[in-house]
Each structure stands twice: as structure tokens, then as C-alpha cells.
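Participant: Okay, here's the structure, questions in a sec.
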Amino acid sequence: MELILGRANVCVRPDPSCCVSVTTRVSDSPNPTSVRSTSASIDMAKPCDSPTSISRATIIRSFAARTTLTSSFCNYRPRRIPKVPKNCSAVLLIIDFFLRCDTLYVMNNCVSISYVSSSYLELTRTCHQGCGYCSFYRDDADLMTIDEIRMRVNNLSRRNATEVVFLSGEQPQEFPHIQIALHKAGFASFADYLLAACQIALEANVLPVLEVGYLDSFTWEKFSAAGCSARINLVSAALASNGEALEKSRGRNPSAGRACIEAVHAAMIPYSVGFIIGIGESEEERLNFIEETGRFCTADPWLQDIRLLPFQPTPGCAMRDRPPLPFAAIEKAVTALRKAFPVHHISVPPWLFYRFPELAESGLNDLAGVPVFTGDPTHPNFEIPCYETLKVRLEGHNIHLYERGTLSTTAALNRPEILDTLTHTRGLIERRNLSGLNLIDNDHCFVCGPRNNSGLHIPVNKSVEGHTCTFTWTPGPSYQGYAGIVHGGLLSTLLDESMAYAVMGADKKILAVTADMRVRFLRPAPVGVPLKFVATLVGQRKNLHFARASVILPEGSVLAEAEGRFAEIILNGASK
Numbered sequence: 026m027e028l029i030l031g032r033a034n035v036c037v038r039p040d041p042s043c044c045v046s047v048t049t050r051v052s053d054s055p056n057p058t059s060v061r062s063t064s065a066s067i068d069m070a071k072p073c074d075s076p077t078s079i080s081r082a083t084i085i086r087s088f089a090a091r092t093t094l095t096s097s098f099c100n101y102r103p104r105r106i107p108k109v110p111k112n113c114s115a116v117l118l119i120i121d122f123f124l125r126c127d128t129l130y131v132m133n134n135c136v137s138i139s140y141v142s143s144s145y146l147e148l149t150r151t152c153h154q155g156c157g158y159c160s161f162y163r164d165d166a167d168l169m170t171i172d173e174i175r176m177r178v179n180n181l182s183r184r185n186a187t188e189v190v191f192l193s194g195e196q197p198q199e200f201p202h203i204q205i206a207l208h209k210a211g212f213a214s215f216a217d218y219l220l221a222a223c224q225i226a227l228e229a230n231v232l233p234v235l236e237v238g239y240l241d242s243f244t245w246e247k248f249s250a251a252g253c254s255a256r257i258n259l260v261s262a263a264l265a266s267n268g269e270a271l272e273k274s275r276g277r278n279p280s281a282g283r284a285c286i287e288a289v290h291a292a293m294i295p296y297s298v299g300f301i302i303g304i305g306e307s308e309e310e311r312l313n314f315i316e317e318t319g320r321f322c323t324a325d326p327w328l329q330d331i332r333l334l335p336f337q338p339t340p341g342c343a344m345r346d347r348p349p350l351p352f353a354a355i356e357k358a359v360t361a362l363r364k365a366f367p368v369h370h371i372s373v374p375p376w377l378f379y380r381f382p383e384l385a386e387s388g389l390n391d392l393a394g395v396p397v398f399t400g401d402p403t404h405p406n407f408e409i410p411c412y413e414t415l416k417v418r419l420e421g422h423n424i425h426l427y428e429r430g431t432l433s434t435t436a437a438l439n440r441p442e443i444l445d446t447l448t449h450t451r452g453l454i455e456r457r458n459l460s461g462l463n464l465i466d467n468d469h470c471f472v473c474g475p476r477n478n479s480g481l482h483i484p485v486n487k488s489v490e491g492h493t494c495t496f497t498w499t500p501g502p503s504y505q506g507y508a509g510i511v512h513g514g515l516l517s518t519l520l521d522e523s524m525a526y527a528v529m530g531a532d533k534k535i536l537a538v539t540a541d542m543r544v545r546f547l548r549p550a551p552v553g554v555p556l557k558f559v560a561t562l563v564g565q566r567k568n569l570h571f572a573r574a575s576v577i578l579p580e581g582s583v584l585a586e587a588e589g590r591f592a593e594i595i596l597n598g599a600s601k
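Position 361 of the sequence shown, counted from 1, bears residue number 386 in the working numbering, the numbering being contiguous throughout.
Rendered as C-alpha cells:
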């Protein structure tokens with residue numbers, strides 16, 4: 026049976042008595058930018074009694090695990106080619122493939138969906154484009170300073186983010202106030218500024234991703250050794266007529282997006298492609314463009330994943346009155362993406378499309394970067410779902426959710442400048458996947474989260490010395506149970522919070538969750554009076570920590586006492 030890396034399937038089973046032979050052939054093309062086609066033949070001496078159907082996606086994943094894809098696309102040259110023994114390379118790869126049949130079958134049939142713990146950092150909203158579907162750009166937005174970038178990236182690193190997306194408008198250096206800001210910071214160009222941001226991210230063990238619009242080939246070449254990856258968002262049609270989405274945009278069309286892909290590839294930078302849909306293109310234009318783009322770059326070893334970006338109206342954009350696409354149109358687009366990119370992660374942002382679990386049958390197998398730490402600055406009115414919400418929604422459709430890394434291909438992973446960061450992020454991902462918990466501080470904690478509009482906004486993290494936490498809070502009438510008396514459940518919440526911070530300590534080297542807790546209410550807590558909460562760590566047994574806390578009036582009377590046990594989750598990890 027001959028397996029061509031196309032639509033054909035092959036039936037295999039892990040039987041050592043099977044005789045396996047592999048041959049490859051490469052068809053040369055006169056076009057220097059065309060992708061070489063590869064085929065392999067597998068002969069089974071023994072028929073399969075219980076075959077497992079494995080599509081070409083799993084074949085390529087198995088081979089890519091130990092080899093580097095070779096392509097003449099844009100004169101690609103791999104930086105490092107893993108060595109495989111000459112006498113048994115093909116047989117070992119096929120045997121390894123057989124032994125992983127069950128796992129690969131599960132992956133290929135979309136019973137699992139992956140995601141990336143991501144974050145956004147808004148460098149500037151200044152942009153020379155005026156896309157009608159976007160409300161992000163501004164003409165007078167300031168440029169974030171390098172010191173602030175370092176502070177925020179380090180904060181994301183402490184909270185166990187694995188990637189940071191540096192977001193900015195396109196070509197902001199064309200505006201005088203950005204040029205002045207760059208000059209004051211000591212940068213000759215916006216590209217040098219981005220290089221410094223990427224270096225800060227790598228030093229903090231966070232993978233940098235650039236979403237900065239279309240850059241020219243000379244600029245992209247500067248990032249070839251920066252350890253970053255890029256996001257390139259494409260449009261399906263020009264749409265430059267009066268009243269259309271790209272009427273006020275300069276050079277934003279399908280051919281410009283293709284040129285940007287070529288430039289990124291020539292610079293050997295990993296990238297992901299986003300398809301912006303629902304902005305006025307016809308369904309035929311949308312599906313044809315997806316197919317053409319697939320033929321253009323599906324075999325590119327620098328392509329990491331595919332993102333479908335359905336338009337959603339946001340306040341301030343010119344197209345805010347345009348309705349979003351219906352489910353059927355999104356489903357057709359996902360199906361087209363799966364056909365055009367059969368071996369890549371296909372994703373839809375879950376905060377922009379609520380019915381994403383239903384797309385798994387059409388080929389959705391990924392959620393890409395979910396910015397749980399920072400939210401999405403381009404769609405600030407859309408709440409980012411947390412891990413537990415995504416997990417429960419997918420489990421309702423019998424789909425398993427797991428975390429993956431930003432990079433997936435051998436070409437992207439074999440870069441020496443990111444080896445330390447990759448080791449760190451892989452450790453975080455492995456611990457989170459094995460623990461079954463994904464405890465992420467996205468600044469929405471009810472007690473201390475600054476981004477929670479309904480929270481108490483108590484700066485508990487600034488009230489810890491050693492393993493003692495002390496803070497004062499004055500409750501208002503909104504927090505009462507009986508008239509003039511603070512609700513006991515709220516006191517329990519604050520006692521729990523204070524003990525948790527006492528366990529984690531000032532250096533916050535561990536992450537702990539409440540195992541059990543006991544509260545004794547001694548006297549009613551009055552409304553409008555400052556209440557002092559004091560908690561301290563009193564003991565530890567293996568990964569179990571013990572703490573005590575009290576609520577005290579200004580004159581020293583104790584209103585309530587609590588004891589708690591806290592289970593340590595991640596060693597040497599980050600917390601709030």
C-alpha cells in the first residue's frame with residue numbers, strides 16, 4: 026500500500042512481525058518557492074486484524090518528532106538536523122509510530138484540544154492603518170517604556186505565563202511622538218525597541234511573540250536571532266472601496282499578507298497565521314483564500330499554528346453595527362482550514378466565539394493563546410474564560426483540554442537562543458498538565474485582584490513580611506448580614522486570604538490552596554469600623570502547611586479566629 030501525504034489513510038498495527046519498508050521520493054519543481062512533495066510506501070507482510078486508521082497528520086507528526094522537514098520553500102536551511110543511525114532510522118521511526126498508534130488516533134480525531142497560557146503586553150496603540158474592523162488603534166497613544174516592559178514581563182513570569190504577545194499598531198515610528206519617545210529611550214528604530222523587549226522576555230523565561238502588523242523583509246531579518254515568533258493576520262479580499270473595511274488602510278490586502286509570510290520565512294522566524302473573516306468578504310472569497318494560503322505555506326517548517334479570527338463588533342470601530350458571522354459560516358471556514366492545513370493546530374478564540382466546542386467535529390483542535398493573565402486589549406469588552414470554564418465546557422462534549430507550548434515544529438524549537446526558556450516553560454506546562462489544576466492569577470481575585478470591578482481591592486500582597494500577613498479593612502454597609510453586622514461569610518473569606526498569603530510568604534516561592542479551614546466567631550463584627558486581619562504560618566508537614574488568623578478591633582478585642590491547612594501545589598513556582 027502506498028501512502029502519499031495527501032488525503033489517503035493507512036491501516037497499521039503495532040506488530041513486530043510486520044515487515045516495514047519506507048521509501049521517499051521528492052519531486053523537483055522549476056518554481057523556487059514551491060514546496061517539495063514527499064511520499065512514502067509502507068508494505069505490510071502480515072494483514073491487520075484490527076487496524077487503526079491514521080491520517081497523514083499523524084504520519085507527519087511521528088516523522089517530525091525526530092527529523093527536520095526539508096523544503097525548498099523560500100530556500101529554507103535548517104539550523105540543526107538531528108542525527109539518526111543510518112542503519113535503522115526508517116525502521117525505528119515506523120516502529121515508534123506503531124507504538125503510539127492509540128495516542129495519535131486520539132489526537133487526530135480531535136478528542137483533545139490544546140491551548141497556550143498566554144498574555145498580552147500593549148506597547149502602543151499608535152498605528153498608521155485605519156482598518157474599519159479594529160478599535161485598537163489610536164493616533165496619539167504613548168509608547169510603553171522599557172522599564173515598564175521589564176516590570177510587567179517579570180510579573181507575568183512570576184505568575185507562570187509561558188508566552189507574552191507584544192502588541193502594537195503597525196509602523197508607529199511614522200508618528201513624531203513615537204520617534205521622540207524612541208530617541209529619549211536610546212533606540213534608533215522601533216525594531217531595536219522590539220529587540221530589547223524580546224530580550225527582556227527571554228531573560229524572564231517567557232517566550233516573546235510579536236503582533237506588530239506587516240513589516241518589510243529588512244526589518245524582519247533583524248529578528249532572526251531574537252528568539253521571538255510572529256503573528257501574521259491575513260484578510261481574504263482587498264475591500265478598499267468606499268464604505269468597506271479596508272477603505273482607510275494602506276497596503277492591507279491578501280498579496281501584502283503573502284509577502285509578509287515570505288519575509289518572515291526568509292528570516293527563519295516561527296510564525297502563526299490568523300485569518301480575519303466576517304469583515305465584508307464573500308464566502309467564496311474566504312474559502313478560496315484559505316485554500317490558496319494552504320497551498321502556499323502548509324509545508325513551511327516555520328509555520329506553527331492557524332488561528333481563525335471571526336469579526337466581533339466592538340465599541341469605537343467603524344463596523345460596530347455589522348453583525349458577526351453565523352455558526353454555519355464559521356464551521357465551513359474551520360473545515361476549509363483543516364483541509365488546507367491538515368497537520369497544524371487550528372484554533373478559534375474562545376472569548377470571541379462561544380460555540381467553539383461544537384467546532385471540534387469540523388477540525389478544531391486548539392484554542393491557541395488564551396490571555397488569561399491580561400485579557401485581550403483588542404477586544405476589551407469580551408471576558409476571557411478561565412481554564413476551569415474551558416475545561417467544563419469541553420468535557421460536556423467529551424473533549425479533553427490540555428496545555429501546550431508556543432512552538433511546535435523542529436525548526437522553531439532548535440534555536441539556541443531559546444533553549445533555557447523552553448526548558449523552563451516545558452517544566453511549567455508538564456506540572457500543570459499532571460496536577461490537573463491550572464491555578465493562574467489573572468488579577469481577578471475577589472479580595473485582592475485589581476482588575477475585578479466587583480472585588481474588594483485589598484492589597485494583601487503588600488502586607489506580607491516573612492510568613493506573617495497583616496492588613497486592615499473597613500467594611501461598608503454593602504457587606505452586612507444583619508443590620509450593622511458584617512456578614513460572617515465575608516470574614517471567612519478574608520481570614521482564608523490572609524492565611525494563604527502567610528503560607529506563601531513574602532517571596533511567594535510556593536503556590537498553595539486551602540485544604541480545610543475552621544472559623545470560630547467570638548463577637549459580631551461591626552460595619553464601618555477598621556478590622557485588622559493577622560495571619561501567620563505555624564507549621565508544616567511535607568506539602569501540608571498550617572496557619573492561624575484572627576480578626577481584631579482597634580482596641581484589641583478578637584472578633585473571630587481561624588485555623589487552616591493548605592496544600593502546596595507547585596514548588597518554586599509563582600503565585601499572586
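We put the beta carbon where it would ideally sit given N, CA and C, even for glycine.
#1: For the segment 470 to 546, which segments carrying the beta strand (DSSP E) assignment without a break, of at least 3 residues, lie completely within its bounds, in sequence order?
#2: Report yes or no: do three or more beta-carbon pairs, one from the segment 223 to 231 and one from the segment 204 to 215, lie closer than 8 Å?
#3: So what's S12 in DSSP terms, helix, strand or just coil?
#4: For S297, count neighbouring Cβ atoms within 10 angstroms of its own Cβ and tell me buried if that reaches 16, exposed if not.
#5: Using 10 angstroms around the beta-carbon of Y239, count the other beta-carbons present and answer buried if the total reaches 16, otherwise exposed.
#6: Output the residue ranges of the beta strand (DSSP E) runs that lie fully inside the segment 267 to 309 and measure 3 residues or longer, sorted by chain position.
#7: Name, in chain order, the residues that DSSP records as bridge partners for N258.
#8: Assuming P201 is part of the alpha helix (DSSP H), what are its boundary residues?
#9: From the DSSP output, which residues share a beta bridge with F191?
#10: What residue does the alpha helix (DSSP H) around S182 start on, and which one ends it?
#11: Measuring alpha carbon to alpha carbon, tell me which residue in A585, H482, F591 and L192 is nearest M524.
#12: Buried or exposed for G581, going by 16 or more other Cβ atoms inside 10 Å?
#13: Measure how close the beta-carbons of Y162 and R150 come, nearest whole angstrom, since I'm counting them as under 8 Å.
#14: Could you pull out every residue in the same chain whose Cβ sits closer than 6 Å to the Cβ of E269, ignoring the five residues on either side in sequence?
#15: Going by CA-CA distance only, name the one from S307, L362, Y145 and G157 that's closest to R177.
#16: In the structure shown, what three-state DSSP assignment does Q198 receive?
#17: Do you know how far the Cα of E593 is from the Cα of G564?
#18: Sorted by chain position, which residues of the same chain lie with C-beta nearer than 7 Å to S249's C-beta, five sequence neighbours on each side aside?
#19: For a test of the three-state rule: what should DSSP assign to A217, helix, strand or coil?
#20: Helix or strand or just coil, what does DSSP make of E420?
#21: Just to confirm, is the Cβ distance from P500 to L515 under 9 Å?
#22: Buried or exposed: where does H469 fall if 16 or more other Cβ atoms within 10 Å of its Cβ makes it buried?
#23: What number of angstroms, rounded off, separates the C-alpha of I465 from the C-alpha of H404?
#24: In or out: I454 buried (at least 16 other Cβ within 10 Å) or exposed?
Facilitator: For this structure:
#1: 493 to 498 and 535 to 546
#2: no
#3: The requested residue 12 does not occur in the structure, where the chain is confined to residues 26 to 601.
#4: Within the sequence shown, residue 297 is the residue found at index 272, counting from 1. S297 is buried by the Cβ-count criterion.
#5: The residue you call residue 239 lines up with position 214 of the sequence shown. Buried is the call here.
#6: 296 to 302
#7: What you label residue 258 is simply residue 233 of the sequence shown in a count that begins at 1. Answer by DSSP bridge pairing, in chain order: G299.
#8: Working through the sequence shown from its first residue, we reach residue 201 at position 176. P201 to A210 is the extent of the alpha helix (DSSP H) around P201.
#9: Reading the sequence shown from its first residue, position 166 is the one you call residue 191. Paired residue(s): L146 and L235.
#10: In the sequence shown, residue 182 corresponds to position 157, counting from 1. I171 to R183 is the span of the alpha helix (DSSP H), which, as asked, contains S182.
#11: Here the question's residue 524 lines up with position 499 in the sequence shown. For M524, the closest C-alpha among the options A585, H482, F591 and L192 is that of F591.
#12: Taking the first residue of the sequence shown as position 1, residue 581 is located at position 556. By the neighbour-count rule (16 or more Cβ atoms within 10 Å), G581 is not buried but exposed.
#13: Within the sequence shown, the letter at position 137 stands for residue 162. Within the sequence shown, the letter at position 125 stands for residue 150. Correct: roughly 6 Å between the Cβ atoms.
#14: Along the sequence shown, read from residue 1 onward, the residue named residue 269 stands at position 244. Within the same chain, E269 has close Cβ partners G305.
#15: The residue you call residue 177 lines up with position 152 of the sequence shown. For R177, the nearest C-alpha among the options comes from Y145.
#16: Counting from 1 along the sequence shown, the entry for residue 198 is found at position 173. Here Q198 sits in helix by DSSP.
#17: To locate residue 564, count along the sequence shown from 1; it is residue 539. To locate residue 593, count along the sequence shown from 1; it is residue 568. Answer to the nearest angstrom: the Cα atoms are 13 Å apart.
#18: Translated into positions along the sequence shown, residue 249 becomes position 224. Correct list, in chain order: A292, M293 and I294.
#19: For the purposes of this step, residue 217 is taken as residue 192 along the sequence shown, with counting starting at 1. Checking the sequence shown, residue 217 turns out to be Asp, not Ala. Of the three classes helix, strand and coil, the one that applies to D217 here is helix, per DSSP.
#20: Walking along the sequence shown from the start, residue 420 turns up at place 395. Looking at E420 - three-state DSSP - the assignment turns out to be helix.
#21: Position 475 of the sequence shown, counted from the start, is the residue given in the question as residue 500. Position 490 of the sequence shown, counted from the start, is the residue given in the question as residue 515. Yes, the Cβ-Cβ distance between P500 and L515 is below 9 Å.
#22: If you number the sequence shown from 1, residue 469 lands on position 444. The C-beta of H469 has 16 or more other C-beta atoms within 10 Å across all chains shown, which makes the residue buried.
#23: Taking the first residue of the sequence shown as 1, we reach residue 465 at position 440. Taking the first residue of the sequence shown as 1, we reach residue 404 at position 379. Roughly 21 Å between the two C-alpha positions.
#24: Taking the first residue of the sequence shown as position 1, residue 454 is located at position 429. With 16 or more other Cβ atoms within 10 Å, it is buried.
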